[in-house]
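Student:
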């Protein structure tokens, strides 16, 4: 009887669905365990084999905890809003609601055929009005709340209004504009519009103006990580800086609590460091530098106020609001050109840039103490969002400032304010500031404190705690997202009543941007006439709280009942990629803390433990296109050996012309030619050999491509030039449809089965590490499952199971496997657990073991990894219930102890055989049996035995 995996897997997937095997109830009588995947964005391409890696890991763990007796919540849903769906709709002429629904159907079918134990009754979709009704509701609570720095928690905005009416804002600094100060009497005199403007500066969800990455072609704002080299990552369209009205979440108010919370959650140290660095808490001072000849001051944040006497110039971010005021007439053109250049640069590129760029404004600031004139420059290495968007440059103490000063030939002084050539010892190392009348040889930590005190005494600055993290924009100028439940009334943002939720996304025929960079909703008169907000929420809106909705997905009265959140509590294990290290995870943590503050849930951290799975990498293939300044009429591609020669500088133009002339007698190639590697679909490559005809059919522009192969030329529609050996380049890199290196799991499951696929993905290596996909290794895993099957059925289909007492060796193999697999699974070491299963089955095969008492617990143990074959064999053993309902077998220590010891037997120092003895056998018994053994008798050749040396547990030497 063959292992008919296709029939078996379809059979049990149908059974699980029909019998609701994985349905989960909020059963407070049972201990809970919550295992969560970072839910996927359902793209049109469907899953590739890299996507299920984390899902398989979490599924194994969820099944494992179920076997341990836990009530396991293991749900799945869809992060369905976002720019890709909208762009796909524009490209294909389909509404994103339609394409998203189709994509979800594809993803769901693919996930089901891999055999995941998801409770599909709890499925959610962030683009479903029944779901985003509650996203809108939470947004309204954020809008109606402020962060009380004294209590360190969010409170209703009504509390703040009561404080203002009683005492003004003297004890509650305005986070949005610290310059706002007023008394209770002044508050009472303000107009409604003035009051609402002030409250907007306090709200946790607020509206303001900001510089954004605007992509005209996509008609939306892009996050920094969606912009590469001045163009959009999706489509490669130009991106510029634009000032737009945006909604923000005041996450900066939670910075300290987000930092402190990292000490109590099970994130990796690398993840904690990433979040800590992103928050970027630092201590220092804000210092005021008056501008020469103008009644304005430049505020600078520094963590080293003690270096103030080494300041040689100021540098402002290009976006700084004072740039226009500070730019003199003679520098106007130069500054404008530089500003134009920086508008196409995102912050990541600016910080990574090694080149030094900048522009002098023509203005000077005055040193707060010495009154020395300091030239004011602008440069992209200063960011508007960090600190005040301006720095005091100390080139004798800061490498970047020093490079800037050297590049633009600016004078450099040392910390004492005297000339510094970069060679003599820098006094900053001792932090002795002997030129001041108030720093008498103090060391750094004392000097910092004294400088801050002096600045505050003289009104030149003040102590400041700063954060690198900023309030990221929470709105997008696009269609496919949650509408904001806000109505604008004469410049006042008014919340919709909760009874009006959900505010549903209206149907539109096209998605073109609205006027002045507004979202597509601004094109709808029926929308704008009501004063509704025309922006929509970003993708991370729905993903910031989705783990809560899984707990109570059908509740129409609240987003999650107190009872449900009390029972399920925090996610016990969260599995997902590191690409969400700061964006999603920080905002999800902030939303959780907010909901906790307002009393809606009983915990303030969403996830107890986070597992970041590595990446399944693809094996990419490349062809090499010949590029010249004057483009050739037909594309020409060169095989790998030519590319390698070109890289080494050994492929001159004349040699290439000579290779091509047999088919192209009049070809001309300039010396400036280059070869560009282009990704090619791996399905068009056999190993590294290109399928030339398929390649030409692949894209219209390649239909007439000329290929210079390893064995000559291949010209389309030519019998004379039909060389076939075009060798592609190869490289292991991220698996992505844009790199044409994806492998569809449908194909793997069809060929080998879901159980093989699941175990192979785990067998590839540690879950946290990235590893390349290689189908060659999958055969070994498939053979393992076939070998397991042979322990139950022979080749003729005869049932082999024996109801007998197992041998000591069989029990030892089983209990070693139970111990190792249990421990490995508990610590997510799935690759070593798979290895142990293979060792176990190989050993049981060698022992010819068909004992029910051994194989039955083995199936339970295997069930999380290979659920289909385990379920089939479990029922073949006569069980009526699912194997998932069985208790996890426990190992017994007594079966782990070796009861037999192997002894090499040496005769006069030379090993002649090997014998086994019980571990508790006495030396007298061992000596007797050794001397009677026929092999020993043969080699002593009748000689008298002088002595028998027994080294307990190691060896025996017979001396004759």
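In this note's numbering, the protein residues as written are 163 to 1122. Quick reminder that beta carbons are idealized off the backbone N, C-alpha and C, glycines included.
(1) Answer yes or no: do residue 536 and residue 477 have a C-beta to C-beta separation smaller than 8 angstroms?
(2) Do you know how far the Cα of residue 1101 is from the Cα of residue 1075?
(3) Are the Cβ atoms of residue 751 and residue 423 separated by less than 8 angstroms?
(4) Give me the Cα-Cα distance between residue 589 and residue 576, rounded to the nearest whole angstrom.
(5) Alpha carbon to alpha carbon, what distance is there between residue 459 and residue 613?
(6) Out of curiosity, what's the CA-to-CA distance linking residue 217 and residue 1005?
(7) Quick one: grab the DSSP three-state call for residue 424.
(8) From the DSSP output, in three-state form, read off residue 1115 for me.
(9) By the 10 Å Cβ neighbour count, where 16 or more other Cβ atoms means buried, how is residue 696 classified, buried or exposed?
(10) Under a Cβ-count criterion, where at least 16 other Cβ atoms within 10 Å of its own Cβ denotes burial, should residue 1109 be classed as buried or exposed?
(11) Is the number of C-beta pairs between the region 885-898 and the region 184-193 that are closer than 8 angstroms three or more?
(12) Residue 198 lies in the beta strand (DSSP E); which residues open and close that run?
(13) Within the region 954-1021, note down every full alpha helix (DSSP H) run reaching 4 residues or more, in order along the chain.
(14) Contact check, residue 291 vs residue 664 under 8 angstroms by CB: the rounded distance?
(15) Suppose the cutoff is 7 angstroms on Cβ atoms and the five residues either side in sequence are ignored; what does the same chain contact list for residue 176 look like?
(16) For the region 778-787 against the region 740-750, are there 3 or more C-beta pairs whose distance is under 8 angstroms?
(17) Whole angstroms are fine: how far does the CA of residue 440 sit from the CA of residue 722?
(18) Check the C-beta distance from residue 1079 over to residue 276 and give it rounded, since I have them as a contact under 8 angstroms.
(19) Straight-line CA distance for residue 203 to residue 297?
(20) Could you tell me if residue 494 is buried or exposed, where buried requires 16 or more neighbouring beta carbons within 10 angstroms of its beta carbon?
(21) Keeping to the same chain, check which residues put their C-beta closer than 7 angstroms to that of residue 1117; ignore five residues upstream and five downstream.
(22) Reducing DSSP to helix, strand and coil, say where residue 270 ends up.
(23) Skipping 5 residues on each side, what residues in its chain have a beta carbon closer than 6 angstroms to that of residue 1085?
(24) Taking one C-beta from the region 861-870 and one from the region 922-931 each time, how about it: are there three or more such pairs within less than 8 angstroms?
(25) Helix, strand or coil for residue 236 per DSSP?
(26) Under three-state DSSP, which class holds residue 395?
(27) Would the beta-carbon of residue 378 fall within 8 angstroms of that of residue 388?
(28) Could you have a look at residue 616 and say whether DSSP puts it in helix, strand or coil?
(29) Can you give me the C-alpha to C-alpha distance between residue 850 and residue 513, rounded to a whole angstrom?
(30) Please confirm whether residue 674 and residue 682 have their CB atoms less than 8 angstroms apart.
(31) Exposed or buried, what is residue 734 when buried is set at 16 or more other beta-carbons lying within 10 Å of its beta-carbon?
(32) Counting C-beta neighbours from all protein chains within 10 Å, is the total for residue 438 16 or more, i.e. buried, or is it exposed?
(33) Just to confirm the assignment, what range does the beta strand (DSSP E) spanning residue 876 have?
(34) First and last residue of the alpha helix (DSSP H) that includes residue 522?
(35) Among the candidates 193, 671 and 896, whose CA atom is the shortest distance from the CA of residue 934?
(36) Quick one: using the 10 Å Cβ neighbour count with 16 as the cut-off for buried, is residue 626 buried or exposed?
Tutor: In terms of the structure at hand:
(1) no
(2) 10 angstroms
(3) yes
(4) Residue confidence is low: residue 589 scores 41 on pLDDT, short of 50, so the model does not pin down where it sits. Its coordinate-derived value is still stated next. Those two C-alpha atoms are separated by around 7 angstroms.
(5) 19 angstroms
(6) 30 angstroms
(7) helix
(8) coil
(9) buried
(10) exposed
(11) no
(12) 194-199
(13) 970-988 and 992-1008
(14) 4 angstroms
(15) none
(16) no
(17) 30 angstroms
(18) With 8 angstroms as the limit, residue 1079 and residue 276 do not qualify as a contact, their Cβ atoms being about 49 angstroms apart.
(19) 17 angstroms
(20) exposed
(21) 1065, 1066 and 1068
(22) helix
(23) 1112
(24) no
(25) coil
(26) coil
(27) no
(28) helix
(29) 39 angstroms
(30) yes
(31) buried
(32) exposed
(33) 874-876
(34) Not the alpha helix (DSSP H): residue 522 falls in the beta strand (DSSP E), residues 521-528.
(35) 896
(36) buried
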